[in-house]
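Worksheet: one structure, shown below.
Numbering (our numbering), first residue to last: 76 to 379.
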């Protein structure tokens with residue numbers, strides 16, 4: 076798409092149920108768009124933003140909102156859509172996250188890529204859905220804004236809607252629906268399949284034992300190697316230990332091992348340690364809580 080100016084795209088976006096705002100800077104916008112989250116935008120709202128002027132990034136001149144060649148979408152309680160932003164740049168971890176998306180969320184035609192493998196997906200809200208930012212995942216629902224059209228600030232290329240569908244040719248109220256419970260299930264499953272935020276650096280890469288590792292590969296290794304793979308992973312984990320043990324516990328429980336057996340198994344590796352998150356005083360209660368969480372997730376329909 077060559078013409079991504081706000082005045083060219085915004086009216087069509089409003090017709091399809093979206094809330095478009097001009098992005099006045101490459102890293103975001105100085106537009107005061109908070110009000111657009113609370114009141115559903117109309118063509119008159121677009122007129123307001125298109126005819127208002129803001130200083131250019133170098134602050135030497137003003138530019139009309141209608142001439143801004145980057146367009147964002149606001150989210151709010153009166154809009155039908157919500158966005159799930161997978162902000163992970165390490166390829167294997169991003170792929171693992173997308174596997175969780177496929178297992179827990181419906182397939183949506185609106186898939187936007189700016190700097191691959193990071194990806195954003197838009198769904199229709201089913202009931203009351205809330206925004207949350209458990210880095211590196213962001214969910215925009217009753218607040219927030221995303222970049223939708225124009226140049227990505229890092230790649231120098233336009234954002235791409237990879238399926239051919241985009242908010243310009245797709246109505247928000249025709250998208251597949253996701254509920255708060257569905258999004259919670261997605262986030263909970265992600266915790267088991269992909270490392271926690273503490274184990275992902277600023278570039279979205281997975282950090283383990285001072286190096287980068289493939290967490291998705293660890294999941295695959297357990298599926299093939301079973302208990303022996305669990306042993307190797309527990310012996311080798313030093314950083315992000317909490318995540319590895321939680322995931323191993325979920326795997327063992329799903330394989331039919333009972334809680335007491337899992338406690339004894341993990342105790343072989345951490346039961347006698349000191350000055351550690353798995354000291355002998357709290358190792359048993361920690362592991363039991365992991366197993367109980369896995370059981371509850373299974374009962375709630377969350378993939379382990």
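Even glycine gets a Cβ: it sits at the ideal position worked out from N, Cα and C. Model, not experiment: these values are computed from the prediction.
- When C-beta atoms of the region 295-308 are compared with those of the region 238-254, fewer than three pairs fall below 8 Å, so the two segments do not count as touching.
- Where residue 337 is concerned, the enclosing alpha helix (DSSP H) starts and stops at 334-345.
- Shown here, residue 154 sits in coil according to DSSP, grouped into three states, outside any helix or strand.
- Linking residue 201 to residue 156 through their CA atoms gives a straight-line distance of about 9 Å.
- Under DSSP, residue 159 takes part in a beta bridge, and its partners are 196, 214.
- A direct Cα-Cα distance of roughly 49 Å separates residue 371 from residue 119.
- The beta carbons of residue 257 and residue 180 sit closer together than 8 Å.
- Taking a contact to require three or more Cβ pairs closer than 8 Å, the region 150-166 and the region 208-219 qualify as touching.
- DSSP places residue 92 in the coil class of the three-state scheme, outside both helix and strand.
- By DSSP's assignment, residue 147 forms a beta bridge with 96, 222.
- Counting only residues of its own chain and dropping the five nearest sequence neighbours on each side, residue 255 has a CB closer than 6 Å to the CB of 204.
- Excluding sequence positions up to five before and after residue 116, its CB lies within less than 6 Å of the CB of 89, 94, all in the same chain and listed in chain order.
- Beta-bridge analysis with DSSP links residue 233 to 226.
- Here the alpha carbons of residue 142 and residue 169 stand approximately 35 Å from one another.
- Of the candidates 342, 107, 146, 198, the residue whose Cα lies closest to the Cα of residue 228 is 146.
- Between residue 121 and residue 129, the CB-CB gap reaches or exceeds 8 Å.
- If you ignore the 5 residues before and after residue 125, its C-beta comes within less than 8 Å of the C-beta of 81, 82, 85, 97, 139, 140, 141, all in its own chain and listed in chain order.
- According to DSSP, residue pairing for residue 252 in a beta bridge involves 199.
- Around residue 249, the same chain offers 199 as residues with beta carbons nearer than 8 Å, after the five sequence neighbours per side are excluded.
- The beta carbon of residue 92 sits closer than 8 Å to the beta carbons of 154, 155, 156, 246, 247, 248 from its chain, once the five residues preceding and following it are set aside; these are given in chain order.
- The shortest C-alpha to C-alpha distance from residue 342 to any of 78, 328, 358 is the one to 358.
- Within 10 angstroms of the beta-carbon of residue 171 lie 16 or more other beta-carbons, which makes it buried.
- For residue 113, there is no enclosing beta strand (DSSP E); the residue is found in the alpha helix (DSSP H) stretching over 109-113.
- When the beta-carbon positions are compared, residue 224 and residue 319 stay at least 8 Å from each other.
- Cβ contact annotation for residue 344 (same chain, cutoff 7 Å, sequence separation greater than five): 309, 310, in chain order.
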